[in-house]
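Q: Heads up, the sequence shown is in my numbering, so the first residue is 458 and it goes up one at a time. Where a beta carbon is used, it is the ideal one built from N, C-alpha and C, also for glycine. After the structure tokens below, expect a handful of questions from me.
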Amino acid sequence: MEPWLLIILIACVAFAYAMVGHGGASGYLALMALAGMSVVVMRPTALVLNLFVSAISFTQYARGGHFRWRTFWPFAVASMPAAWLGAQVQLDPLVYKRILAVCLLFAVARMFGLFGRGKDRLVPIPLAWALVIGAVLGFVSGMIGIGGGVLLSPVLLLLNWADMKTTAATSALFIFVNSASGLAGVIGNGETLGPHMLPWIAAAIIGGLLGGWVGAKRLNEVRLKQALGLVLLFASIKLMFA
């Protein structure tokens, strides 16, 4: 893959993911996998990009009044240490690609809106279930190198625990804290960042700023998300049968 094309695609991924409160790690991982990068480079690189984009997305949604602390903390308090533990796991590259392919399918479903927009009548979040779910999602997130937003969002929407905007705000901060925990874990294992981080970070920031603003203030760009969903679906299939 040409370096300039990868930069453009990173910006597009950041834009589309930031619109729904995500950092884009699963998308960045898919791009790096298609570019033939090593697993030891993919995880920390995706997590760094995740930090920037999720922070931008969270700021946009929080300013719009969509963040609810009571929705966020039960999941985060268990997910952060679990993400650090998950990052200690060294997976066989083939197994890693298979698990990443499954996680990409959640991202595809999210991009196509298959989890709905949440119901008007929300139900309280059971603390015990939130702690268990947060721990599981955090561990998987750290192990794969994502923030876990693509996994948390379906839970919040399908169980009627949050509406669309609150889900986006919650997922964004959930991604940020898990990405930080996971990054601490993978860097401690000696994994390294990609060779062209500065232009990738710049592309992610630009895409994240635009996407977060559109998602929090304007109508979603449905066609762009569907196009990205098709790309991620292709990447998932390629990883699954690689």
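In angstroms with no decimal places, state the Cα-to-Cα distance between residue 568 and residue 686.
A: Mapped onto the sequence shown, residue 568 falls at position 111. Mapped onto the sequence shown, residue 686 falls at position 229. Whole-angstrom Cα-Cα distance: 5 angstroms.
Q: Whole angstroms are fine: how far does the CA of residue 616 sit from the CA of residue 633?
A: Residue mapping note: residue 633 aligns to position 176 of the sequence shown, counting from 1. Residue mapping note: residue 616 aligns to position 159 of the sequence shown, counting from 1. Rounded to the nearest angstrom, the two C-alpha atoms are 23 angstroms apart.
Q: Taking 8 angstroms as the threshold, find out whether the segment 593-609 comes into contact with the segment 553-567 through three or more Cβ pairs.
A: Taking 8 angstroms as the limit for Cβ pairs, the verdict is that the segment 553-567 does touch the segment 593-609.
Q: According to the Cβ coordinates, are residue 474 and residue 506 closer than 8 angstroms?
A: Taking the sequence shown and counting its residues from 1, the one referred to as residue 474 is at position 17. Taking the sequence shown and counting its residues from 1, the one referred to as residue 506 is at position 49. Not in contact: residue 474 and residue 506 (Cβ atoms no closer than 8 angstroms).
Q: Taking C-alpha atoms, which residue in 478, 462, 463, 465 lies nearest to residue 668?
A: The residue given as residue 668 occupies position 211 in the sequence shown. Looking at the Cα atoms, 478 is the closest of the given residues.
Q: Answer yes if the segment 622-642 comes into contact with the segment 528-545, meaning at least three C-beta pairs across the two stretches below 8 angstroms, and no otherwise.
A: Cβ pair count under 8 angstroms is three or more, so yes.
Q: Taking residue 610 as the reference, give the member of 631, 459, 527, 463 with the closest Cα.
A: Along the sequence shown, read from residue 1 onward, the residue named residue 610 stands at position 153. Taking only the C-alpha atoms, the option nearest residue 610 is 631.
Q: Grouping DSSP H, G and I as helix and E and B as strand, with all else coil, what is residue 571?
A: What you label residue 571 is simply residue 114 of the sequence shown in a count that begins at 1. Of the three classes helix, strand and coil, the one that applies to residue 571 here is coil, per DSSP.
Q: Tell me which residue opens and which closes the alpha helix (DSSP H) that residue 545 is part of.
A: One-based indexing of the sequence shown puts residue 545 at position 88. Run containing residue 545: none; DSSP gives neither H nor E here.
Q: Given this structure, state the Cα-to-Cα distance separating residue 517 from residue 670, to the nearest angstrom.
A: Sequence index remark: in the sequence shown, residue 517 carries index 60 (1-based). Sequence index remark: in the sequence shown, residue 670 carries index 213 (1-based). Each residue's Cα considered, the two are about 6 angstroms apart.
Q: Between which two residues does the alpha helix (DSSP H) carrying residue 588 extend?
A: Against the sequence shown, residue 588 aligns to sequence position 131. Segment 584-601, the alpha helix (DSSP H) holding residue 588.
Q: Looking at residue 640: is its Cβ nearer than 8 angstroms to the Cβ of residue 504?
A: Along the sequence shown, read from residue 1 onward, the residue named residue 640 stands at position 183. Along the sequence shown, read from residue 1 onward, the residue named residue 504 stands at position 47. Yes, the Cβ-Cβ distance between residue 640 and residue 504 is below 8 angstroms.
Q: Using only the alpha-carbon positions, how far apart do residue 693 and residue 592 sit?
A: Along the sequence shown, one-based indexing puts residue 693 at 236. Along the sequence shown, one-based indexing puts residue 592 at 135. Rounded to whole angstroms, residue 693 to residue 592 spans 25 angstroms at the Cα level.
Q: So, at 6 angstroms on beta carbons, what are the nonlocal neighbours of residue 673 in its own chain, with the 5 sequence-adjacent residues on each side left out?
A: In the sequence shown, counting from the first residue as 1, residue 673 sits at position 216. 517, 518, 521, listed in sequence order.
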